Amino acid sequence: MSDTGTRIARAAEEAAGGGWRKAGIAGAAIGVIAAGAAAGVAVERLTVGRGMRKKARLALDSAGPYGSLRGMPGKALAEDGTVLYYEVDEVEPDSAQARRKRRLFGRKAPAPVTVVFSHGYCLSQDSWHFQRAALRGVVRTVYWDQRSHGRSERGKAQVEREEPVTIDQLGRDLKAVIDEAAPEGPLVLVGHSMGGMTVMALADQFPELIRDRVVGVAFIGTSSGRLGEVNYGLPVAGMNAVRRVLPGVLKALGSRVELVERARGATADLFAGIIKRYSFASREVDPAIARFAERLIESTPIDVVAEFYPAFGEHDKTAALRQFADLPVLVLAGDKDLVTPSEHSEAIADELQASGKTELVIVPDAGHLVMLEHPELVMDRLADLLARAGVAAPAANVVVHGSTAQPGVDRP
Numbered sequence: 068m069s070d071t072g073t074r075i076a077r078a079a080e081e082a083a084g085g086g087w088r089k090a091g092i093a094g095a096a097i098g099v100i101a102a103g104a105a106a107g108v109a110v111e112r113l114t115v116g117r118g119m120r121k122k123a124r125l126a127l128d129s130a131g132p133y134g135s136l137r138g139m140p141g142k143a144l145a146e147d148g149t150v151l152y153y154e155v156d157e158v159e160p161d162s163a164q165a166r167r168k169r170r171l172f173g174r175k176a177p178a179p180v181t182v183v184f185s186h187g188y189c190l191s192q193d194s195w196h197f198q199r200a201a202l203r204g205v206v207r208t209v210y211w212d213q214r215s216h217g218r219s220e221r222g223k224a225q226v227e228r229e230e231p232v233t234i235d236q237l238g239r240d241l242k243a244v245i246d247e248a249a250p251e252g253p254l255v256l257v258g259h260s261m262g263g264m265t266v267m268a269l270a271d272q273f274p275e276l277i278r279d280r281v282v283g284v285a286f287i288g289t290s291s292g293r294l295g296e297v298n299y300g301l302p303v304a305g306m307n308a309v310r311r312v313l314p315g316v317l318k319a320l321g322s323r324v325e326l327v328e329r330a331r332g333a334t335a336d337l338f339a340g341i342i343k344r345y346s347f348a349s350r351e352v353d354p355a356i357a358r359f360a361e362r363l364i365e366s367t368p369i370d371v372v373a374e375f376y377p378a379f380g381e382h383d384k385t386a387a388l389r390q391f392a393d394l395p396v397l398v399l400a401g402d403k404d405l406v407t408p409s410e411h412s413e414a415i416a417d418e419l420q421a422s423g424k425t426e427l428v429i430v431p432d433a434g435h436l437v438m439l440e441h442p443e444l445v446m447d448r449l450a451d452l453l454a455r456a457g458v459a460a461p462a463a464n465v466v467v468h469g470s471t472a473q474p475g476v477d478r479p
């Protein structure tokens, strides 16, 4: 174990009041993964009391740097007045790419390519942590929080007029962010899960934007429709019953926000287990990454969860995929994704294969949050997409900012 890992392990042990040893449970020690400044405590394997597990989660929260990268903040206004928060990472002025453009064009250099990242349901722009670490300073990037998520404002149409959320509305939100953060120059669009659906909705409503400015697209763990058929790893009969009652249950829970949030806190261990099952497939996921995903998801209020859920059953953007037919496209999914199964990515690729510019990647031993679970592989394929789109391929520095699986480190 590295010195950094040893120091964090000692700090975590002290945070638990020395309870790891006092518990007297053989082998229930701390699992620490040192990855630069990142480290994690293996919470899920400890057979100790709830108070001790809570202290371990606090140690994870204080140790992990995930989600800490920040850019130049900005705000865009959605059509209903909702304030959408975004951040921009600019290309470093002394980068080789910037110097080459100055030599070729002088002061009249064209606007740089901008890569726009759209996150998924119950997440935020911070879910792109590893991709942001790899791309910053090399390619101009925009990360934004979908309405009612992250640092963006609660949807005014939902709060003030009780209008349902639609995927089309999210597509128009993305257009507002692009108009504000990247009003000119070529674009590469990257979407995960709901973010991929948002990109499809953008194309459906603004085909001229795709035609005139978009030079590449990545769909990660997403679907173009038929989400009502997903069984989430449950028996078909049981899932049919769940489908019948879930919308009503979520709506009822959304009306009792304070009570539900208190219950969430009281069942943190169960909640963490559910999130891990539906986010990751690998047993080698850094516990700090699992905790990071848990924090992202648990920060989404239950009434927002309830507002957005019905939109997925109505989502059907297969026809919109034709707008990307002539572009370099990456379609990537985890082979064990229980939320948007890889068959949905295969269906997207089938719609786009005719052009010969679509790459389909099914990642082994990966779940829904594949960009957090296997960041090096995802970044490698994104770098290839950027190269195919005519953007200089970046030298990924993912490992510097932490990796989800560190070879040679024993797991508890």
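When we follow the working numbering, the leftmost residue of the sequence shown carries the number 68, and every step to the right adds one. Cβ coordinates follow ideal geometry from the N, Cα and C atoms, glycine included. If you're wondering where the values come from, they're calculated on a predicted model, not measured in any experiment.
- Two segments are said to touch when three or more pairs of C-beta atoms, one from each, lie closer than 8 Å; by this definition the segment 282-299 does not touch the segment 212-226.
- Counting the other Cβ atoms within 10 Å of the Cβ of G148 gives fewer than 16, which makes it exposed.
- Under the three-state reduction of DSSP, D383 is assigned to strand.
- Per DSSP, the continuous beta strand (DSSP E) segment holding P140 begins and ends at M139 to L144.
- DSSP places F286 inside the beta strand (DSSP E), whose first and last residues are V281 to I287.
- Per the DSSP secondary-structure output, I429 pairs in a beta bridge with A400.
- A direct Cα-to-Cα measurement between A400 and S349 gives close to 14 Å.
- With contacts defined by Cβ atoms closer than 8 Å, D383 and G238 do not form a contacting pair.
- For D246, there is no enclosing beta strand (DSSP E); the residue is part of the alpha helix (DSSP H) that begins and ends at I234 to A248.
- T385 sits close to E418, with the two beta carbons spaced by under 8 Å.
- In the DSSP assignment, no residue is bridged to Y188.
- Contiguous beta strand (DSSP E) elements confined to the segment 179-223 occur at 181-185 and 207-211, taking only those with 3 or more residues.
- Of the residues assessed, D240 falls on the buried side of the cut-off, its CB having 16 or more other CB atoms within 10 angstroms.
- Closest by C-alpha distance to A200, out of R455, L439 and S215, is L439.
- Per DSSP, reduced to three states, the secondary structure at G148 is coil, with no helix or strand assignment.
- Counting other Cβ atoms within 10 Å of its Cβ, R278 stays below 16 and is therefore classed as exposed.
- Annotation for L256: the continuous beta strand (DSSP E) segment containing it runs L254 to H259.
- The beta carbon of V180 is closer than 6 Å to those of P253 and V458 in its chain, skipping five residues each way along the sequence.
- Just measuring C-alpha positions, the residue of P274, M264, R214 and R207 sitting nearest A248 is R207.
- Excluding the 5 residues flanking it on each side, A143 has same chain C-beta neighbours closer than 6 Å at L151, A243, V244 and E247, in chain order.
- Per DSSP, the unbroken alpha helix (DSSP H) holding E413 starts and ends at S409 to L419.
- Counting C-beta atoms within 10 angstroms of its own C-beta, R358 has 16 or more neighbours from the protein chains shown and is therefore classed as buried.
- For V437, the enclosing alpha helix (DSSP H) covers residues V437 to E440.
- The beta carbon of F273 is closer than 6 Å to those of K242 in its chain, skipping five residues each way along the sequence.
- DSSP, reduced to helix, strand and coil, places D271 within a helical segment of the structure shown.
- Relative to F286, the option among V266, Q192 and G434 whose CA is nearest is V266.
- The C-beta distance from P395 to G283 rounds to 5 Å, short enough to meet the 8 Å contact threshold.
- For the pair A414 and G288, the Cα-to-Cα distance works out to about 12 Å.
- Looking at the backbone, the Cα of R362 and that of A339 are separated by about 9 Å.
- Contact annotation, L427 with V398: C-beta distance approximately 5 Å; criterion of less than 8 Å satisfied.
- Shown here, D447 sits in a helix according to DSSP, grouped into three states.
- Judged by DSSP secondary structure, L363 falls within the alpha helix (DSSP H) whose first and last residues are P354 to E365.
- With at least 16 other beta carbons inside 10 angstroms of its own, P408 counts as buried.
- Per DSSP, reduced to three states, the secondary structure at Y153 is strand.
- A residue is called buried when at least 16 other Cβ atoms come within 10 angstroms of its Cβ; I341 does not meet this threshold and is exposed.
- Around the C-beta of E374, 16 or more other C-beta atoms lie within 10 Å, and the residue is accordingly described as buried.
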